[in-house]
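Peer 1: Questions regarding the structure given below will be posed in turn.
Chains as they are written, first to last, in full-length UniProt numbering: chain X, 1 to 251; chain S, 1 to 283.
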């Protein structure tokens with residue numbers, strides 16, 4: 001096996017549910033510190049791809065390497081792999097019975113065995129960063145959508161993951177709340193966090209992405225810097241998709 | 001779509017998973033056999049085992065007692081079936097009363113709360129005595145005086161309070177957004193309860209509900225104190241002849257034989273209807 005050049009590397013990944021082939025020979029390279037944005041119609045396999053990387057789904061074929069190690073090998077400890085990856089979901093998935101602070105300290109205390117006080121101090125730091133220090137004692141349902149999503153990002157970030165997976169993190173938000181979440185992601189990117197992002201926010205993709213990948217029927221149809229894929233797409237399917245997206249959202 | 005063939009690597013993974021599965025099966029088998037052997041040898045080698053076997057597990061004696069015990073069991077089954085229907089009705093009514101909203105229903109809420117407080121706390125045996133001996137002693141005209149009926153009434157009163165709490169837990173576990181969605185469509189409080197809340201609530205509490213009915217099946221034997229002959233009482237009478245306890249074991253086996261299919265059936269129905277929540281991948 002060659003030396004790892006990239007933090008995340010997918011080769012020929014396949015995932016099918018019955019006859020429905022969602023990922024069909026997916027290849028993708030994400031270098032450390034890079035932000036790769038996945039775009040494509042619903043059902044093109046974006047979310048499934050993220051779930052496969054986080055081992056929430058078992059791939060049917062192909063290899064996913066994280067920092068040079070094959071994480072699709074059935075012999076790997078999936079919990080260990082996951083604990084090095086942060087994921088943020090479209091619906092936040094905060095635990096409703098815990099305060100914001102306890103949501104964030106759960107994994108550090110239970111998984112990473114960080115002493116309680118240290119975990120709380122670190123969690124407060126994270127909350128400070130995402131601008132929610134005053135909401136530490138609140139329950140998730142007392143927060144707005146944007147605040148909840150920022151808390152969820154803090155929860156994923158607190159473990160200092162090598163890689164962040166972001167699955168349509170602004171899709172459930174009101175337009176005026178989208179900005180605060182995207183600003184936070186921009187900041188993470190500028191600090192060198194490696195990110196794999198599914199989004200419909202073309203403006204965000206143009207602004208932050210190092211590479212944009214257009215998925216079609218579970219394959220990367222077009223991949224390259226945003227200026228190329230978004231502004232001068234070569235493939236007819238990409239052009240059609242972008243036309244439809246800009247027609248509906250004006251972004 | 002059908003042209004896809006797993007790669008060399010994937011075939012190796014599949015083979016590995018299969019080996020792991022086989023290994024797990026073998027381990028489970030070996031550990032079960034060893035445990036079973038230890039239990040059999042352990043109990044069989046105790047000095048008193050031959051006597052215990054003769055007193056509790058006498059096959060011939062058990063076979064002899066079977067018809068009498070089975071006849072008693074038939075009473076248990078009938079009492080249980082009739083009571084179960086009434087308990088579901090009363091339990092659900094109490095739960096709906098207790099979760100009702102609005103000031104006008106305040107007395108209903110208080111009644112339901114007081115009822116469950118009292119009947120959950122009272123020992124079942126006391127309720128059976130009170131109804132079974134107390135009510136007929138009043139010598140009121142028009143009231144039945146068969147022991148079975150009053151024993152059954154005691155079971156219904158007590159178990160309704162348990163079941164009401166199970167239903168209430170189910171009703172309260174349905175997320176408020178479900179009610180909001182239903183009311184926003186114009187459904188009334190009652191329609192919301194009937195078409196949206198209760199179907200979800202009942203599905204969720206099915207396993208604990210079944211628990212209560214299995215328990216009822218056994219507690220139905222308590223009405224024997226009023227003089228009726230159920231499976232356990234029949235076994236007791238049999239035992240009194242020769243102090244051989246095998247008839248009790250026979251009754252126990254029959255109870256278990258009744259319970260297991262009931263549990264499996266509920267599990268099967270629930271799974272087929274997707275009542276146990278959606279699966280979410282391998283985690």
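A virtual CB, placed ideally from N, CA and C, is assigned to each residue, including glycine.
1) For the beta strand (DSSP E) containing residue 25 of chain X, list its first residue and its last residue.
2) Residue 27 of chain X: which of X:10, X:41 and X:18 sits nearest, CA to CA?
3) Leaving out the 5 sequence neighbours to the left and right, which residues in its chain are closer than 7 Å to residue 1 of chain X when beta-carbon positions are compared?
4) Name the DSSP beta bridge partners of residue 74 of chain X, please?
5) At least one CB of chain X closer than 8 Å to the CB of residue 7 of chain S: is that the case?
6) Spell out a yes or no on whether the region 50-65 of chain X and the region 225-241 of chain X are touching, meaning 3 or more CB-CB pairs, one atom from each, closer than 8 Å.
7) Under 8 Å between the Cβ atoms of residue 185 of chain X and residue 215 of chain X?
8) Return the residues of the region 146-175 of chain X that lie within a Cβ-Cβ distance of less than 9 Å from chain S, sorted by chain order.
9) I want to verify the contact list: residues of chain S whose CB lies under 8 Å from the CB of residue 74 of chain X, in sequence order.
10) Determine, using beta-carbon pairs with one atom in the region 204-222 of chain X and one in the region 30-49 of chain X, whether at least three such pairs fall under 8 Å.
11) On the DSSP bridge list, what partners appear for residue 9 of chain X?
12) Closer than 7 Å by beta-carbon distance: list the chain X residues that pair up with residue 200 of chain S, in chain order.
13) Identify every run of the alpha helix (DSSP H) within the region 34-117 of chain S, keeping only runs that are complete inside it and at least 4 residues long; order them along the chain.
14) Helix, strand or coil, according to DSSP, for residue 210 of chain X in the structure here?
15) If you reduce the DSSP assignment to three classes, tell me which class residue 149 of chain S lands in.
16) State whether the region 121-136 of chain X contacts the region 146-156 of chain X, with contact taken as three or more CB pairs (one from each stretch) at a distance under 8 Å.
17) Between residue 23 of chain S and residue 168 of chain X, what straight-line distance do the alpha-carbon atoms span, to the nearest angstrom?
18) Check whether chain S comes within 8 Å of residue 253 of chain X, counting only Cβ atoms and requiring the distance to be less than that.
19) Three-state secondary structure (DSSP) at residue 167 of chain X?
20) With distances taken Cα to Cα, identify the nearest neighbour of residue 152 of chain S among S:78, S:143 and S:215.
21) Cβ of residue 161 of chain X less than 8 Å from any chain B Cβ?
22) Tell me, please, whether the CB atom of residue 191 of chain S is closer than 8 Å to any CB atom in chain X?
23) Give me the Cα-Cα distance between residue 52 of chain S and residue 58 of chain S, rounded to the nearest whole angstrom.
24) Can you tell me which of S:146, S:107, S:102 and S:165 puts its alpha carbon nearest to the alpha carbon of residue 288 of chain S?
25) Apply the 10 Å Cβ neighbour rule to residue 199 of chain S and answer buried if 16 or more other Cβ atoms are within range, or exposed otherwise.
26) So that I know if they touch, is there some Cβ in chain X lying closer than 8 Å to that of residue 10 of chain S?
27) When DSSP labels each residue in this structure, what does residue 137 of chain X get in the three-state scheme?
28) Check the Cβ-Cβ distances between residue 2 of chain X and every residue of chain S, and say whether any is below 8 Å.
29) Does the beta-carbon distance from residue 50 of chain X to residue 7 of chain X come in below 8 Å?
30) Just list the residues that DSSP pairs residue 195 of chain X with in beta bridges.
31) Mind checking which residues open and close the beta strand (DSSP E) that includes residue 6 of chain S?
32) I'd like to check one pair, residue 206 of chain S with residue 266 of chain S: are the Cβ atoms closer than 8 Å?
33) Give me the Cα-Cα distance between residue 250 of chain X and residue 222 of chain X, rounded to the nearest whole angstrom.
34) Using beta-carbon positions only, say whether residue 123 of chain X and residue 88 of chain X come within less than 8 Å of one another.
35) Following the continuous beta strand (DSSP E) through residue 134 of chain S, name the residue where it begins and the one where it ends.
Peer 2: Reading from the atomic positions:
1) First-last of the beta strand (DSSP E) with residue 25 of chain X: 20-30.
2) Closest by alpha carbon: X:10.
3) Its pLDDT being 45, under 50, residue 1 of chain X is placed unreliably in this model, and the coordinates cannot settle the point.
4) In DSSP, residue 74 of chain X forms no bridge with anything.
5) Interface criterion met: the Cβ of residue 7 of chain S is under 8 Å from a Cβ in chain X.
6) Three or more beta-carbon pairs separated by less than 8 Å are not found between the region 50-65 of chain X and the region 225-241 of chain X, which leaves the two stretches without contact.
7) Residue 215 of chain X sits away from residue 185 of chain X, with the two beta carbons spaced by 8 Å or more.
8) Result list empty, no residue passes.
9) Here the neighbours are 13, 16, 17 and 20.
10) With contact defined as three or more Cβ pairs closer than 8 Å, the region 204-222 of chain X and the region 30-49 of chain X are in contact.
11) The partner list for residue 9 of chain X (beta bridge, DSSP) reads X:29 and X:65.
12) Neighbours of residue 200 of chain S on chain X: none; closest Cβ ~17 Å, over 7 Å.
13) You should have 49-56 and 59-99.
14) Residue 210 of chain X: coil per DSSP, three-state reduction.
15) Three-state DSSP puts residue 149 of chain S in a helix.
16) In short, these stretches touch, since the Cβ pair count reaches three.
17) Looking at the two C-alpha atoms, the distance is approximately 41 Å.
18) Nothing can be reported for residue 253 of chain X: it is not among the residues displayed for chain X, which extend from 1 to 251.
19) In the structure shown, residue 167 of chain X sits in a strand (DSSP, three-state: E or B).
20) Checked all of S:78, S:143 and S:215; the closest Cα to residue 152 of chain S is S:78.
21) Considering every chain present, this structure includes no chain B. Its protein chains are X and S.
22) Closer than 8 Å to the CB of residue 191 of chain S there is not a single CB belonging to chain X.
23) One C-alpha to the other measures close to 9 Å.
24) In the structure as shown, chain S begins at 1 and stops at 283. Residue 288 of chain S is therefore absent and cannot be evaluated.
25) The residue is exposed, with fewer than 16 neighbouring Cβ atoms inside 10 Å.
26) Put simply, the CB of residue 10 of chain S is near chain X, with a gap under 8 Å to one of its CB atoms.
27) Here residue 137 of chain X sits in coil by DSSP.
28) Because the pLDDT at residue 2 of chain X is just 47, under 50, the model does not fix this residue reliably, and the value given afterwards should be weighed accordingly. Nearest CB-CB separation between residue 2 of chain X and chain S: not below the 8 Å threshold.
29) The Cβ-Cβ distance between residue 50 of chain X and residue 7 of chain X does not fall below 8 Å.
30) In the DSSP output, where bridge partners are listed per residue, residue 195 of chain X has X:35 and X:164.
31) Neither: residue 6 of chain S is in no beta strand (DSSP E) and is coded neither H nor E.
32) One thing to note: residue 266 of chain S has its Cβ within 8 Å of the Cβ of residue 206 of chain S.
33) Low per-residue confidence applies at residue 250 of chain X: pLDDT is 45, beneath 50, and the placement is therefore not dependable enough to give any value.
34) Between residue 123 of chain X and residue 88 of chain X, the CB-CB gap reaches or exceeds 8 Å.
35) Secondary structure note for residue 134 of chain S: it is in no beta strand (DSSP E), with a DSSP letter that is neither H nor E.
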